[in-house]
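S.K.:
Numbering (this note's numbering), first residue to last: 4 to 193.
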């Protein structure tokens with residue numbers, strides 16, 4: 004069941020449809036009073052998952068309105084990057100996931116406007132600044148593998164100057180000592 008401002012509906016995950024049963028309608032009337040019509044046994048809406056990476060690739064104008072935030076961020080001082088280090092610092096890691104991998108950096112962890120986070124997925128890689136999508140890379144070799152048993156080496160480098168932050172993302176190779184850079188971003192501070 005789903006309630007939207009007191010209007011109760013039943014959601015069908017297979018079809019994505021919202022319908023109103025007579026029990027839903029009775030529950031809605033308890034909260035809202037009278038309804039403008041009889042909605043029992045009707046389909047009143049439909050939901051569809053829109054992957055933000057796919058949407059951004061197809062709709063560049065809508066890029067800044069999209070956000071896919073990591074569910075649970077676990078902060079750790081052991082992975083802290085010191086912005087005062089000349090030439091920047093890099094985080095090298097190996098990851099595997101059937102879903103997306105998120106890597107988040109923040110000046111102030113409780114303030115999402117200071118966040119930079121990278122979403123590495125099967126459809127591509129997205130870079131967010133302050134919860135807004137600012138860059139998308141869909142090249143096949145830049146993407147995640149989309150399998151929990153296939154590990155891949157990644158790197159993310161940050162270099163900060165007085166008025167700019169530079170972020171570089173790439174993928175390594177198990178067989179070579181080479182790393183391929185797939186995305187770079189220069190962000191100005193406001």
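Beta carbons are placed, not taken as given, at the ideal position from N, Cα and C, and that holds for glycine.
Taking the continuous alpha helix (DSSP H) assigned at residue 22, which residues delimit it?
M.R.: Here residue 22 belongs to no alpha helix (DSSP H); instead the beta strand (DSSP E) covers 20-23.
S.K.: Per DSSP, residue 12 is paired with what?
M.R.: 5
S.K.: In chain order, what residues of the same chain have a beta carbon less than 7 Å from the beta carbon of residue 35, not counting five sequence neighbours either side?
M.R.: 9, 10
S.K.: Just to confirm the assignment, what range does the beta strand (DSSP E) spanning residue 163 have?
M.R.: 155-163
S.K.: Which two residues bound the contiguous beta strand (DSSP E) that contains residue 47?
M.R.: 45-49
S.K.: Can you grab the Cα-Cα spacing for the pair residue 39 / residue 74, in whole Å?
M.R.: Distance between the alpha carbons of residue 39 and residue 74 is about 38 Å.
S.K.: In whole angstroms, give me the CA-to-CA distance for residue 3 and residue 49.
M.R.: Residue coverage of the chain in this structure runs from 4 to 193, which leaves residue 3 outside it and unanswerable.
S.K.: Does the Cβ of residue 26 have 16 or more other Cβ atoms within 10 Å, making it buried, or fewer, making it exposed?
M.R.: exposed
S.K.: Here's a check: name, in chain order, each residue in its chain whose Cβ is nearer than 6 Å to the Cβ of residue 131, leaving out the five neighbours to either side.
M.R.: 120
S.K.: From this set, 51, 166, 28, which residue's C-alpha is nearest residue 17's C-alpha?
M.R.: Selected option, being the one with the closest Cα: 51.
S.K.: In three-state terms, what does DSSP make of residue 77?
M.R.: coil
S.K.: Between the beta-carbon of residue 22 and the beta-carbon of residue 46, is there less than 7 Å?
M.R.: For residue 22 and residue 46, yes; Cβs fall inside 7 Å.
S.K.: Only counting the same chain, and skipping five residues up and downstream in sequence, which positions put a Cβ closer than 6 Å to that of residue 14?
M.R.: 5, 21
S.K.: If residue 105 and residue 157 are in contact, beta carbons under 8 Å, what's the gap, nearest whole angstrom?
M.R.: Not a contact, Cβ separation roughly 12 Å.
S.K.: Taking all protein chains shown into account, do 16 or more other C-beta atoms lie within 10 angstroms of the C-beta of residue 154, making it buried, or fewer, making it exposed?
M.R.: Around the beta carbon of residue 154, fewer than 16 other beta carbons lie within 10 angstroms, which makes this residue exposed.
S.K.: Quick one: what's residue 34 bridged to in DSSP?
M.R.: Paired residue(s): none; residue 34 is not in a bridge.
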